[in-house]
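This report refers to the structure that appears directly beneath it.
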Amino acid sequence: MEPAEGSSLHHVAVTATTADHIDSFHQALDLVARERRYLTMMEALPLPDTRRFVLDMINQGNPHFVATVADQVVGWCDISRHFFPAHRHRGSLAMGIIPAYRGRGLGKRLLLAALNQARASGFICVELSVHADNTRAMALYEKIGFIREGVQRRSVLIDGRFIDTVNMALMLDEQ
29 MEPAEGSSLH
39 HVAVTATTAD
49 HIDSFHQALD
59 LVARERRYLT
69 MMEALPLPDT
79 RRFVLDMINQ
89 GNPHFVATVA
99 DQVVGWCDIS
109 RHFFPAHRHR
119 GSLAMGIIPA
129 YRGRGLGKRL
139 LLAALNQARA
149 SGFICVELSV
159 HADNTRAMAL
169 YEKIGFIREG
179 VQRRSVLIDG
189 RFIDTVNMAL
199 MLDEQ
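When we follow my numbering, the leftmost residue of the sequence shown carries the number 29, and every step to the right adds one.
Pasting the structure below:
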């Protein structure tokens with residue numbers, strides 16, 4: 029789905045994900061994953077697995093937001109609460125935007141929506157890992173308040189190329 033030339037993103041809705049979004053979310057996830065550049069996964073999991081993941085996120089009250097245009101998902105942001113009781117104050121953030129909608133402020137809208145729900149749901153810390161060569165994403169995260177906590181060297185291997193991963197975190201109770 030291509031935006032109109034010079035169009036703004038006012039026609040893009042950012043909403044909490046529902047079961048009705050799952051098929052389109054799966055398509056967007058697969059599109060970004062197959063770029064083999066921004067995500068660790070190189071293709072989306074099978075649709076039944078994606079459906080199970082999203083429904084679990086919704087049922088557990090974890091933040092999961094999508095950006096849609098005419099009912100088609102063009103981006104997402106989610107925060108998965110950690111499983112173990114001693115870590116339940118923390119969550120891991122994941123997000124992506126299909127190519128035609130990047131660089132226009134949509135990532136910030138998605139990120140703020142997910143972080144607002146995380147704060148309201150009692151999350152204290154939101155963590156993420158980003159490929160070290162994804163400078164645009166790191167700049168957004170830092171603008172929002174994420175701090176770089178470390179680098180995992182050669183943490184990703186895609187098509188014979190090692191990529192370092194930058195670990196970042198945001199303490200919601202310090203904002």
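The beta carbon of each residue, even a glycine, is placed where N, CA and C say it ideally should be.
query, result
"I need the straight-line Cα distance from R147 to G124, nearest angstrom please.", "21 Å"
"From R64, H110 and Q55, pick the residue whose C-alpha is nearest to that of W104; which is it?", "Q55"
"Tell me which same chain residues have a C-beta within less than 6 Å of the C-beta of A142, skipping the five on either side of it?", "P91, F93, C105 and I107"
"Residues in its own chain within less than 6 Å of S120 by CB, not counting five upstream and five downstream?", "S108 and E155"
"Can you give me the start and stop residues for the beta strand (DSSP E) that F53 sits inside?", "Per DSSP, F53 belongs to no beta strand (DSSP E); it is in the alpha helix (DSSP H), I50 to A61."
"Near D48, what residues of its chain come up, given a Cβ to Cβ distance below 6 Å and the 5 sequence neighbours on each side ignored?", "none"
"Can you tell me which of the three DSSP states M126 falls into?", "First, the residue type needs correcting, since residue 126 is Ile and not Met in the sequence shown. In this structure, I126 counts as coil in the three-state DSSP scheme."
"Could you pull the start and end residues of the beta strand (DSSP E) that N195 belongs to?", "R189 to M199"
"Go ahead and pull the three-state DSSP assignment for I152.", "coil"
"Check whether the segment 127 to 142 and the segment 165 to 175 touch, using three or more Cβ-Cβ pairs below 8 Å as the test.", "yes"
"Could you give the residue range of the alpha helix (DSSP H) that holds R80?", "L75 to Q88"
"For T46 and D77, what's the separation of their Cα atoms in angstroms?", "16 Å"
"Cα separation between N195 and M85?", "22 Å"
"Between R62 and the rest of its own chain, which residues show a CB-CB distance below 8 Å, the 5 nearest in sequence each way excluded?", "M70 and E71"
"Under the rule that 16 or more other beta-carbon atoms within 10 Å means buried, what is V179, buried or exposed?", "exposed"
"If you draw a straight line from the alpha carbon of R189 to that of R164, how long is it in whole angstroms?", "20 Å"
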